[in-house]
Amino acid sequence: MTSFKLFYFPLRGRAESIRLLFAHAGVQFTDERIPRDQWPAIKEQMPLKQVPVLEVDGKVRIAQSTAILRYLAHQFGMAGKSPLDEARVDMLGEAIQDAVMQVREWIFVIVGRTPGDKDAKFTEVVVPVLNNIGAVFEQVLKENTSGWLVGENVTWVDLHVAEFFNKAITYGNPNALDAFPLIKQHNQKVFDLPNISNYIASRSETPF
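Sequential numbering of the sequence shown, starting at 1, is according to the UniProt record's numbering.
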């Protein structure tokens, strides 16, 4: 049996979509949460000097969150049912990665990397991004009537998208998605998946 170890900080951050994927698939993994004071010593061991990193069978290490998600999704049957579906899944995943980069100023304030008022930064930085990307994903969900983003079944990008939007209402404004009812329904649908619901009920609270 393949063994997995996920390296990241004690945050949801860029690793939580990966943890959700493991949870949904019911696959055990070692969740290696690195204390900040230990990171300088561990950093040089990582292939791109950053995390998240997935270690497979104690040998191969894969960096970049979407590369990890794609790899695991192929192992767990959650990458899409056809090459075209896979491409659409990847497209939506890249759109979320772009949105994450656009809201980094807010994230840095929340985790204490830069000073500032997190609520003011949310209004300034995150709300415009949500208005833009929210309209895009609302339309995607309207056109794909299954309730999932691509095809008839849950894929890794459903978890990745739900995690992105959930952070906005958890750490930003609980009403941030009110203009996007289909995204709210999708968020609930993902977090109501039995294995994911059980994982969330037992996970520790983190600053982000």
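Don't be surprised by glycine CBs; every beta carbon is placed ideally from N, CA and C.
Rounded C-alpha distance that separates residue i from residue j
i	j	result
leucine 21	arginine 12	13 Å
arginine 61	glycine 26	21 Å
threonine 114	alanine 95	25 Å
lysine 121	tyrosine 171	12 Å
proline 10	methionine 78	26 Å
aspartate 98	alanine 135	15 Å
Reduced DSSP secondary structure (H/G/I, E/B, other) of residue i
i	result
isoleucine 200	helix
isoleucine 34	coil
phenylalanine 4	strand
arginine 61	strand
leucine 84	helix
leucine 54	strand
glutamine 97	helix
asparagine 173	coil
valine 27	coil
aspartate 158	helix
proline 10	coil
serine 17	helix
glutamine 45	coil
Nearest neighbour of residue i, chosen from the options [CA to CA]
i	options	result
phenylalanine 29	Phe191, Phe4, Ala15 and Ser17	Phe4
glutamine 64	His186, Gly80, His74 and Pro47	Pro47
threonine 66	Ser146, Val157, Ser197 and Gly134	Val157
threonine 155	Leu182, Pro181, Ile18 and Tyr8	Ile18
asparagine 175	Gly112, Thr206, Thr123 and Thr145	Thr123
Rounded Cβ spacing between residue i and residue j (contact assumed at less than 8 Å)
i	j	result
valine 56	threonine 2	6 Å
glycine 151	lysine 81	6 Å
asparagine 187	asparagine 166	6 Å
leucine 92	leucine 149	6 Å
leucine 182	glutamate 143	About 10 Å; that fails the 8 Å criterion.
phenylalanine 7	isoleucine 107	Going by Cβ atoms, the distance from phenylalanine 7 to isoleucine 107 rounds to 19 Å, so no, they are not a contact pair.
Pair within 8 Å by beta-carbon distance, residue i and residue j
i	j	result
alanine 162	leucine 130	no
valine 190	leucine 159	yes
lysine 184	leucine 193	no
valine 125	glutamate 105	yes
histidine 24	isoleucine 196	yes
phenylalanine 164	valine 89	no
Proximity test, residue i beta-carbon vs the ligand SAH heavy atom, cut-off 7 Å
i	result
glycine 26	No copy of the ligand SAH occurs in the structure displayed, which carries no ligand at all.
Any C-beta of chain B under 8 Å from that of residue i
i	result
leucine 72	Here there is only one protein chain, and chain B is not present.
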